[in-house]
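Plus 86 on top of the position in the sequence shown (first one is 1) and you've got the working numbering.
The beta carbon of each residue, even a glycine, is placed where N, CA and C say it ideally should be.
Just so you know, these numbers come straight off a predicted model, no measurement behind them.
Contents: one structure, followed by commentary.
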Amino acid sequence: MEKTVVLVKPDGVNKRVIGKIMTYLEDAGFKLSAGKFIRLTDDIIDRWYAHHKDKSFFPDLKKFMMETPVMAMVWEGEGVVAKVREICGPTDSLKAPKGTIRGDLGTDIQHNVVHASEDESNAKREIGLLFSQEEIISY
Ligand code: CMP
């Protein structure tokens, strides 16, 4: 079954909206297959955001992602990758419509509460970076 990775970023952890974010995803019919707090390291962030490494916002992004542990989750379901990105809304929280996670809970383009895998191949790569097979359950 198709899987995606969702991270509740440090702004979401600090705002105590982890449970709310899970509810958006459960209400959409998706199943939580794995979840844990992880303190992202320098090395993981470099690999996670390899495509953003040369961007001007990268140093700030890295600092932000290390402010607190993130809640890393694997969600499962048909069409989960694209649907979860829809539920999250566009990257910039200020432009995200109400009813999306970022529109309802985010602050700006960086403090956008969640990360969601871009496509299935990135989801597989991200699962490999953060989870072992034993941590992903089926029920
Ligand atoms: P995410 O979807 O996790 O992917 C990369 C992250 O970088 C993004 O969410 C934002 O948190 C951040 N980001 C993207 N664009 C910008 C930008 N222009 N300025 C600051 N942060 C950004």
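Counting only the Cα atoms, Leu-215 lies some 31 Å from Pro-183.
For the region 189-217, the continuous alpha helix (DSSP H) assignments of 4+ residues that do not extend past its boundaries occur at 206-216, in sequence order.
For Val-156, the enclosing beta strand (DSSP E) has its first and last residue at 156-162. For Lys-117, same chain residues with a beta-carbon under 8 Å away, outside a window of 5 residues either side, are Trp-161, Glu-162, Gly-163 and Tyr-225 in chain order.
Inclusion of Lys-122 and Ala-158 in the CB contact set at 9 Å is warranted, their separation being smaller than that value. Within 10 angstroms of the beta-carbon of Arg-125 lie fewer than 16 other beta-carbons, which makes it exposed. Buried is the label assigned to Phe-217, since at least 16 other Cβ atoms lie within 10 Å of its Cβ.
In the structure shown, Thr-186 falls within a strand segment according to DSSP collapsed to helix, strand and coil.
Taking 9 Å as the cut-off, the beta carbon of Val-170 is found no closer than this to the beta carbon of Arg-188. Ser-119 sits buried, since 16 or more C-beta atoms from the chains shown fall within 10 Å of its C-beta.
Closer than 8 Å to some heavy atom of the ligand CMP: that describes the Cβ of Lys-95. Taken through DSSP and simplified to helix, strand or coil, Val-167 comes out as helix.
Remark: C-beta atoms of Thr-186 and Ile-195 do not approach each other more closely than 9 Å.
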